[in-house]
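So the sequence shown is numbered by my numbering: it starts at 626 and just counts up by one. For glycine and all other residues, C-beta sits at the position ideal for the given N, C-alpha and C. Comments concern the structure below.
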Amino acid sequence: MAILQLSPLFRSLREQVETDDVMLDDAVELMVDACFLIMAKVKWLLPQSEIAEQEADVQEAAQDSGIVEEAVVPLLDQSRFLAAVSNVESLMLDSQYAYLRGNTQGFYGSSQIETAAIDPLELLDCAIRLKDQVDQGEQAVVTVRKSFAEHLNWFWRTIASLGSQYKVVRFSLFTRGEKRESILNFLVLLELIKRRKVFAKQPEPFGDIIFATKPQAVRGKELS
């Protein structure tokens with residue numbers, strides 16, 4: 626057991642450090658190496674005790690796992706458990722089609738999902754605009770003319786009649802019939818604008834056209 630004694634080595638290193646034969650750092654490193662060798666020797670001399678401890682740990686772990694398994698009470702057998710899992714998967718799949726928020730189908734079979742930020746205030750503004758357009762659809766002008774000249778004369782008389790009641794007239798009143806009649810109404814409106822019988826204005830891009838028989842009615846004014 627002489628190898629397990631560090632006192633002689635410690636005294637020898639101290640004497641060498643005091644006489645400047647060995648640097649202090651080198652002496653410390655030698656002491657660390659000696660401690661490592663002693664620990665290795667102890668493990669080598671006591672192999673059976675270490676193996677016994679490892680086997681005891683394994684047995685204790687096995688006993689603990691057995692106790693846990695005995696404490697667990699199965700609620701469903703394997704077939705019923707698999708059926709429950711399948712039912713949950715089907716419900717989750719159905720919910721993807723029932724609630725499509727945030728689930729957008731990709732283009733050309735791509736798995737990438739395109740998303741965009743939606744401002745609630747913009748949606749509210751669009752809803753108000755649509756509601757106003759629906760509310761304004763209470764009146765409509767029906768056109769039943771044959772030739773362009775007859776239609777032009779009828780359109781002019783209608784505008785003059787509406788102009789006596791309102792400051793400006795909306796062109797949307799003349800677009801609620803058939804497509805052919807709406808196009809014809811737009812053409813006669815352009816003809817009247819060309820002849821300077823009517824003065825028109827479009828306050829917003831792609832918005833409704835307002836017009837009147839007097840230029841000051843549409844110049845620098847919004848719809849009332």
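Closest to residue i by C-alpha separation, out of the options, would be which residue?
| i | options | result |
| --- | --- | --- |
| residue 657 | 645, 644, 792 and 638 | 638 |
| residue 754 | 819, 659, 829 and 818 | 829 |
| residue 663 | 715, 782 and 632 | 632 |
| residue 838 | 807, 806, 790 and 749 | 790 |
Inspect the beta-carbon positions of residue i and residue j and report whether they are closer than 8 angstroms.
| i | j | result |
| --- | --- | --- |
| residue 793 | residue 836 | yes |
| residue 833 | residue 796 | yes |
| residue 843 | residue 784 | no |
| residue 649 | residue 642 | yes |
| residue 816 | residue 777 | yes |
| residue 709 | residue 701 | yes |
Tell me the rounded alpha-carbon separation between residue i and residue j.
| i | j | result |
| --- | --- | --- |
| residue 801 | residue 713 | 52 angstroms |
| residue 774 | residue 747 | 44 angstroms |
| residue 703 | residue 711 | 12 angstroms |
| residue 758 | residue 811 | 19 angstroms |
| residue 825 | residue 818 | 7 angstroms |
| residue 645 | residue 654 | 16 angstroms |
| residue 750 | residue 841 | 30 angstroms |
| residue 668 | residue 718 | 60 angstroms |
| residue 782 | residue 827 | 22 angstroms |
| residue 651 | residue 659 | 12 angstroms |
| residue 820 | residue 745 | 46 angstroms |
Could you have a look at residue i and say whether DSSP puts it in helix, strand or coil?
| i | result |
| --- | --- |
| residue 826 | strand |
| residue 795 | strand |
| residue 835 | strand |
| residue 715 | helix |
| residue 642 | helix |
| residue 843 | coil |
| residue 790 | coil |
| residue 653 | helix |
| residue 647 | coil |
| residue 637 | helix |
| residue 803 | coil |
| residue 820 | coil |
| residue 777 | helix |
| residue 702 | coil |
| residue 744 | coil |
Under a Cβ-count criterion, where at least 16 other Cβ atoms within 10 Å of its own Cβ denotes burial, should residue i be classed as buried or exposed?
| i | result |
| --- | --- |
| residue 856 | Beyond the ends of the chain as shown, which are 626 and 849, falls residue 856; an answer cannot be given. |
| residue 661 | exposed |
| residue 809 | buried |
| residue 780 | buried |
Please find out if some non-hydrogen atom of the ligand ZN comes closer than 7 angstroms to the beta-carbon of residue i.
| i | result |
| --- | --- |
| residue 710 | For the structure depicted, the ligand ZN is absent and the ligand set is empty, with no information on it obtainable. |
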